[in-house]
Amino acid sequence: MLRVTLGAILVLIGAIGTTAADEPAKEKDAKKSEAQIKGYEQLSLKDLDGKVVTAKDLKGKIVVFEWIEPMCPTCQRHAKEGSINHLVAKYKDKKDVVILGVCTSRNTDVEGMKAFAKERDLKYRILMDPTGAVGRMFGAQKTPHMYVVKDGAKLYEGALDDDARGSKSEKERVNYISKALDEILAGKKVSTPSTKPYG
Numbered sequence: 046m047l048r049v050t051l052g053a054i055l056v057l058i059g060a061i062g063t064t065a066a067d068e069p070a071k072e073k074d075a076k077k078s079e080a081q082i083k084g085y086e087q088l089s090l091k092d093l094d095g096k097v098v099t100a101k102d103l104k105g106k107i108v109v110f111e112w113i114e115p116m117c118p119t120c121q122r123h124a125k126e127g128s129i130n131h132l133v134a135k136y137k138d139k140k141d142v143v144i145l146g147v148c149t150s151r152n153t154d155v156e157g158m159k160a161f162a163k164e165r166d167l168k169y170r171i172l173m174d175p176t177g178a179v180g181r182m183f184g185a186q187k188t189p190h191m192y193v194v195k196d197g198a199k200l201y202e203g204a205l206d207d208d209a210r211g212s213k214s215e216k217e218r219v220n221y222i223s224k225a226l227d228e229i230l231a232g233k234k235v236s237t238p239s240t241k242p243y244g
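Position in the sequence shown (first residue = 1) + 45 = our numbering.
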């Protein structure tokens, strides 16, 4: 009887241990995405008109950052399709939502970025990060690499959508940015806080 009882206890302890071990794994992506961006309070970049945008200017806002590069075929495709412009239109009445592009490339200067923005009729503000300091601060690795941030906390990071090859229709795609913004504005946690960026 003692052996049976002891065995049952050990099985129970093992089950509890497994459950406890699983919880951090389930929350790992969420915690990673909500981590504070080190040095975010020092963020200061100029837009294409030379006006400075700082972290202080963005305080309290839900900010979408898109790392953009005119020479990148994926960025060219999204610009042609108006992917970010559609987000701008959808959330234009949401005063707490700000959408920004960031160009970290050494291959593109202000005039080059202006020409691209004009050609593709980009409807959002683009910031220049010529030294790459802000790109390193965020950990941006691709173009486009997307982030949704509030006061330096990463609420989402990764791809714009689930269509890396550009083979799906707009209705078929899962737009991770739109999904994240809708959840945040509804007072919910972001259900997909991290995906793999492509570009």
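Glycine is no exception: its CB is placed at the ideal position from the N, C-alpha and C atoms.
No experiment lies behind these values; they were computed from the predicted model shown.
Asked, Found
"Per DSSP, K163 is paired with what?", "In DSSP, K163 forms no bridge with anything."
"How big is the Cα-Cα spacing for P242 and Y192?", "10 Å"
"What distance in whole Å lies between the Cβ atoms of P115 and M158, which are believed to be in contact at a cut-off of 8 Å?", "7 Å"
"With a CB to CB cut of under 7 Å and the five nearest residues on each side skipped, what residues in its chain are close to K199?", "S78, E79, A80, I82, Y192"
"By DSSP, does V14 sit in helix, in strand, or in coil?", "Residue 14 lies beyond the stretch modelled for the chain, which goes from 46 to 244, so this question has no answer here."
"Quick one: what's got a C-beta closer than 7 Å to D166's C-beta in the same chain, skipping five residues either side?", "none"
"Identify, in the order they occur along the chain, each residue of the same chain with its Cβ nearer than 6 Å to the Cβ of G197, setting aside the five sequence neighbours on each side.", "Q81, I82, Y85"
"Within the same chain, show all residues whose beta-carbon is closer than 8 Å to that of T176, passing over the 5 residues directly before and after it, in chain order.", "none"
"Using a 10 Å radius around the Cβ and a threshold of 16 neighbouring Cβ atoms, would you call A134 buried or exposed?", "exposed"
"For the segment 122-138 against the segment 220-240, do three or more pairs of beta-carbon atoms, one drawn from each stretch, fall closer than 8 Å, so that the two count as touching?", "yes"
"Distance check for G211 and T99, CA to CA, integer angstroms please.", "34 Å"
"Do you know how far the Cα of V142 is from the Cα of L88?", "18 Å"
"In the DSSP assignment, what residue or residues form a beta bridge with A173?", "One point to set straight first is that residue 173 is Met, not Ala, in the sequence displayed. In the DSSP output, where bridge partners are listed per residue, M173 has K91, C148."
"For Q186, does the three-state DSSP call read helix, strand or coil?", "coil"
"With distances taken Cα to Cα, identify the nearest neighbour of I129 among K106, K140, A162, V97.", "A162"
"Under the rule that 16 or more other beta-carbon atoms within 10 Å means buried, what is E217, buried or exposed?", "exposed"
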